[in-house]
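Notes to accompany the following structure.
Protein chains: 2
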Amino acid sequence: MAKQNIYDNEVFFEGYKKLRDREFNANKLFEIPALFSLLPDLTGLTILDLGCGFGEHCKGFIERGAAKVVGIDISEKMLEVAKAENSAPKITYLNMPMEDLDKIEGKFDLVVSSLAVHYVDDFAGVVKNIHNLLNPGGLFVYSQENPINTSHSGGDRWTRDENGNKIHLNLANYGVEGERESEWFVDNVKKYHRMFSTIVNTLVDAGFIIEKMIEPMPDDEMLKQHPDQKDLFHKPDFLLIRASKK
Amino acid sequence: MAKQNIYDNEVFFEGYKKLRDREFNANKLFEIPALFSLLPDLTGLTILDLGCGFGEHCKGFIERGAAKVVGIDISEKMLEVAKAENSAPKITYLNMPMEDLDKIEGKFDLVVSSLAVHYVDDFAGVVKNIHNLLNPGGLFVYSQENPINTSHSGGDRWTRDENGNKIHLNLANYGVEGERESEWFVDNVKKYHRMFSTIVNTLVDAGFIIEKMIEPMPDDEMLKQHPDQKDLFHKPDFLLIRASKK
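Protein chains in written order, with my numbering: chain L, -9 to 236; chain F, -9 to 236.
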């Protein structure tokens, strides 16, 4: 099974770091607030963060009262930054792919993952392992690229008017699941497209109860400050789910 | 609240009846098999069918062992056909909109609805009433137009190549929920678009557990017989959900 580690690619890493450092980006405006809105009270919880990257969320969880956080990431370069910038006695960073979750010992109250699972081929396997790692009643809260977004399989994403404004998304192959190759700082970043129904059924089949789903959209206030975000009405970037262990 | 009764429009009724009578249509190929695949063993169950139309499903439920079926429809013309063609002692047909479910007495083991809820503005209200009408552990199994389908808000649905083949769906306003006017045999058929997340959250908030979701796609066998159905990969027509009462 391919375990993709694009984040250790020098070009990708630098491009990605610059994007995340920008004052406004889609993560900061939409994905992170939506993710945190789905979290329970973290006081005293043990938390596992899948694809923790620079470790900002791990640090944030501790600041909100978590008892213990384990952050895993396939990229050593990302974890170097995490250890340098977001260390804490209650945080452990582990360099491993999330396909190897069965090697983790212990149980958690909460598993979180921010924009990482769409890089994983065997989503069902990962979800099953997450279920095993959770205490009864435990929560899995995660974000991924929206299926309307991951379906993209080449060609122009958008149709534009003569002024370059986006009129509509060119949606194709939503019903064809599996690998997608795309360019994002570097060539051949592999993502995996799954339909909404497949995502829901995979969680349910593993023993999860779907509690809430968010596809973030800009409100009037947001549109006043960031008018370009209106394109989200045509193409939701993110999908966030909170699911609980039966 | 508008309760839409397009099916009593003479032109619509005739056009719709012809479509349903065709040997192959999207309902017969995809929607009906998917709907029935989500049903439990019907032996001895009491069933409510929302938007029962011509009553074929009501009759089918009795043939599969249901103890009692109530079929409701807003259209008297549809129910006239139902009573003439699909009567049975165990079936009761009621002429009423599904927005008035609170007027129905008794409890049911199963509520079914085939391609009707996307005509309803107050989905949350309907779902709440369905939950009230179900026995504990009861099921709500329904189909609707897929959100990728209902999002359409005017203009060309498709971009085609020079030979007229569909290349991609022109997807716009997925994130803008609410009323859509479209032409389907007659002008101004009103449908209501809701995002996947809204549908899921509405069911969960009413006290349902999502058990399974289907977005029907053609398999190789189907494509051999009906090659034009490949367009479903770009635009799923249907969404089906089985949810249980907590």
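Backbone N, C-alpha and C define an ideal beta-carbon position, used for all residues, glycine too. Since the structure is predicted, the reported quantities are computational estimates derived from the model, not experimental observations.
What are the start and end residues of the beta strand (DSSP E) that includes residue 221 of chain L? Unbroken run through residue 221 of chain L: none, as it is neither H nor E.
Of the listed residues L/100, L/116, L/64, nearest to residue -6 of chain L (C-alpha basis): L/64
Run the CB neighbour count on residue 200 of chain F, radius 10 Å, all protein chains shown included, and call it buried at 16 or more, exposed below. With at least 16 other beta carbons inside 10 angstroms of its own, residue 200 of chain F counts as buried.
Quick test of the definition: if touching needs 3 or more C-beta pairs under 8 Å, does the stretch 18 to 29 of chain L touch the stretch 99 to 114 of chain L? yes
Show which residues of chain L have a CB atom less than 7 Å away from the CB atom of residue 117 of chain F. The contacting residues do not exist; residue 117 of chain F stays about 15 Å from chain L at best.
Using the Cα positions of residue 222 of chain L and residue 132 of chain L, report the straight-line distance between them to the nearest angstrom. 19 Å
Counting C-beta neighbours from all protein chains within 10 Å, is the total for residue 229 of chain L 16 or more, i.e. buried, or is it exposed? Counting the other CB atoms within 10 Å of its CB gives residue 229 of chain L a total of 16 or more, which places it among the buried residues.
Let me know if residue 198 of chain L comes out buried or exposed under the rule of 16 or more other beta-carbons within 10 Å of its beta-carbon. buried
Run through DSSP, which three-state label would residue 82 of chain F get? strand
Cβ-based burial, residue 74 of chain L [other Cβ within 10 Å; buried from 16]: In summary, residue 74 of chain L is exposed, with fewer than 16 beta-carbon neighbours lying within 10 Å of its beta-carbon over all protein chains present.
Cβ shell of residue 93 of chain L (< 8 Å), same chain only, five flanking positions each side left out: 86
Curious, which full-length alpha helix (DSSP H) runs of at least 4 residues does the stretch 120 to 198 of chain L contain? 137 to 140, 186 to 195
Does the separation of the CB atoms of residue 194 of chain F and residue 202 of chain L fall below 8 Å? Yes. Within cutoff.
Let me know if residue 227 of chain F comes out buried or exposed under the rule of 16 or more other beta-carbons within 10 Å of its beta-carbon. buried
Nearest residue (CA-CA) to residue 162 of chain L, options F/158, F/162, F/165, F/164: F/158
Would you say residue 164 of chain L lies against chain F (beta-carbon separation less than 8 Å)? yes
At a CB-CB cut-off below 9 Å, which residues of chain L make contact with residue 160 of chain F? 149, 157, 158, 159, 160, 161
Would the beta-carbon of residue 138 of chain L fall within 8 Å of that of residue 187 of chain F? No. Outside cutoff.
Are the C-beta of residue 205 of chain L and some C-beta of chain F separated by less than 8 Å? yes
Pick helix, strand or coil for residue 112 of chain L, following the three-state DSSP scheme. coil
For residue 11 of chain F, which three-state DSSP category applies? helix
Taking the alpha-carbon positions, what's the residue 44 of chain L to residue 18 of chain L distance? 14 Å
Would you mind giving the Cβ-Cβ distance between residue 39 of chain L and residue 61 of chain L, rounded to the nearest angstrom? I have them listed as a contact below 8 Å. 4 Å
How long is the line joining the alpha carbons of residue 122 of chain F and residue 129 of chain F, rounded to whole angstroms? 12 Å
If residue 37 of chain L and residue 98 of chain L are in contact, beta carbons under 8 Å, what's the gap, nearest whole angstrom? 6 Å
Beta carbon of residue 150 of chain L, beta carbon of residue 167 of chain L: below 8 Å? no
What residues match up with residue 39 of chain L in a beta bridge as DSSP calls it? L/61, L/102
Looking at residue 80 of chain L: is its Cβ nearer than 8 Å to the Cβ of residue 196 of chain L? no
Residue 251 of chain L - DSSP class collapsed to helix/strand/coil: This structure gives no information on residue 251 of chain L, because the portion of chain L shown stretches from -9 to 236.
What residue from F/54, F/48, F/69 has the CA that sits closest to residue 78 of chain F's CA? Among F/54, F/48, F/69, the Cα nearest to that of residue 78 of chain F belongs to F/48.
Report back the beta-carbon spacing between residue 11 of chain L and residue 66 of chain L to the nearest angstrom; my notes put them in contact at under 8 Å. Not really, about 20 Å apart at Cβ, beyond 8 Å.
Smallest Cα separation from residue 68 of chain F: which of F/59, F/54, F/83? F/83
When the distance is taken between beta carbons, is residue 171 of chain F closer than 8 Å to residue 182 of chain F? no
Does the distance from the C-beta atom of residue 192 of chain L to that of residue 114 of chain L stay below 8 Å? yes
Would you please verify whether the beta carbon of residue 129 of chain F is less than 8 Å from any beta carbon of chain L? No, no contact with chain L.
Under the three-state DSSP convention, the category residue 203 of chain F falls into: strand
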